[in-house]
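Residues 0 to 225 (numbering that gives the first Met the number 0) make up the sequence shown, in order. All C-beta atoms, glycine included, are put in the ideal place defined by N, C-alpha and C. Structure first, commentary second.
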Amino acid sequence: MKNLTFKCNDEKIEFNYDKCFVIGYSGRNIEKTKEHIDELERELGVKPPKFLPTIFECSKEIVTQDSDLKFVGNRTSGECEYVILLGEDDIYITLGSDHTDRDLESVNIFKSKQVCLKPIAKDAWKYDEVNDHWDDIKLNSYTTISGKEVLYQEGTLGDILPVEKILSELKKRVGDIDNSVIFSGTVPTKDGFFFGDNFRAEMIDEKLNRKIEFSYDVNVIAEEER
0 MKNLTFKCND EKIEFNYDKC FVIGYSGRNI EKTKEHIDEL ERELGVKPPK FLPTIFECSK
60 EIVTQDSDLK FVGNRTSGEC EYVILLGEDD IYITLGSDHT DRDLESVNIF KSKQVCLKPI
120 AKDAWKYDEV NDHWDDIKLN SYTTISGKEV LYQEGTLGDI LPVEKILSEL KKRVGDIDNS
180 VIFSGTVPTK DGFFFGDNFR AEMIDEKLNR KIEFSYDVNV IAEEER
């Protein structure tokens with residue numbers, strides 16, 4: 000078991016998990032999902048998936064709450080998405096980034112999901128507090144390029160498959176998923192892929208006047224000259 004610590008309504012939550020799943024191509028709007036698939040194929044050469052949504056099981060060790068991160072190569076980028084913390088009795092929702100190696104993604108998307116750390120926030124919400132206004136919760140991300148922060152993604156949770164659909168697909172295709180960290184899949188980028196040195200994401204609940212936000216630095220590991 001691995002352990003994560005979250006703050007939820009001023010309460011400290013210790014979440015134990017032993018599985019991590021990354022969901023791909025999970026847009027609720029099929030046309031927008033196809034746009035994302037086309038974007039990946041056009042810009043990165045990623046072959047279209049056989050199933051929608053796709054399910055990738057990753058090592059539980061790649062989930063992190065650190066903010067100073069290192070990646071191999073200068074063509075990796077984040078993707079903001081909601082994250083399901085599925086315990087045996089409770090469901091919490093937090094915010095994460097499915098950071099991905101875009102060069103490797105064009106060769107083997109499964110490996111590209113595994114080689115990058117998956118950052119998540121340190122705050123969480125109880126799912127039953129937000130499910131009645133779920134679709135209205137905003138989801139945005141920003142990337143910093145040459146010192147300037149630009150809007151990278153903009154959408155709502157209504158753009159992504161809901162919690163129940165994702166859990167249903169996982170249970171049907173995987174089986175036991177208790178004690179899991181589950182990345183939901185993302186919304187399309189505003190203007191294609193950019194590779195910055197900082198990634199920031201926010202999930203805004205205007206009804207309850209709160210938000211979850213986190214950021215992390217993207218440090219490139221230099222290859223030793225031969």
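Min CB distance residue i to chain C below 9 angstroms
i: residue 37; result: The structure shown contains no chain C, having only a single protein chain.
Range covered by the alpha helix (DSSP H) that runs through residue i
i: residue 50; result: First-last for residue 50: undefined, no H or E at that position.
i: residue 109; result: 108-113
i: residue 32; result: 29-43
i: residue 101; result: 101-104
Bridge-paired residues (DSSP) for residue i
i: residue 214; result: 199
i: residue 181; result: 20 and 83
i: residue 118; result: 63
i: residue 5; result: 12
i: residue 124; result: 92
i: residue 70; result: 219
i: residue 56; result: 20
C-alpha gap between residue i and residue j, whole angstroms
i: residue 7; j: residue 122; result: 6 angstroms
i: residue 201; j: residue 216; result: 15 angstroms
i: residue 4; j: residue 221; result: 32 angstroms
i: residue 17; j: residue 177; result: 9 angstroms
i: residue 191; j: residue 151; result: 8 angstroms
i: residue 133; j: residue 182; result: 16 angstroms
i: residue 48; j: residue 13; result: 35 angstroms
i: residue 157; j: residue 52; result: 16 angstroms
i: residue 270; j: residue 94; result: Nothing in the structure corresponds to residue 270, since the chain is present only between 0 and 225.
i: residue 163; j: residue 43; result: 31 angstroms
i: residue 90; j: residue 160; result: 16 angstroms
i: residue 11; j: residue 46; result: 42 angstroms
i: residue 188; j: residue 153; result: 7 angstroms
i: residue 112; j: residue 29; result: 23 angstroms
Host beta strand (DSSP E) of residue i (start-end)
i: residue 94; result: 90-96
Practice problem: Could you say if the stretch 37-54 and the stretch 75-88 meet the contact criterion of at least three C-beta pairs nearer than 8 angstroms? | Solution: no
Practice problem: Run through the stretch 135-181 for me and flag every whole alpha helix (DSSP H) of 4 or more residues, listed as ranges in chain order. | Solution: 162-172
Quiz item: Counting pairs of Cβ atoms below 8 angstroms between the stretch 196-214 and the stretch 127-134, do you hit three or more?
Solution: yes
Practice problem: Indicate whether the contact test is met: 3 or more Cβ pairs, each with one atom in the stretch 114-121 and one in the stretch 53-63, closer than 8 angstroms. | Solution: yes
Quiz item: Are the stretch 91-108 and the stretch 166-173 in contact at 8 angstroms, needing three or more beta carbon pairs?
Solution: no
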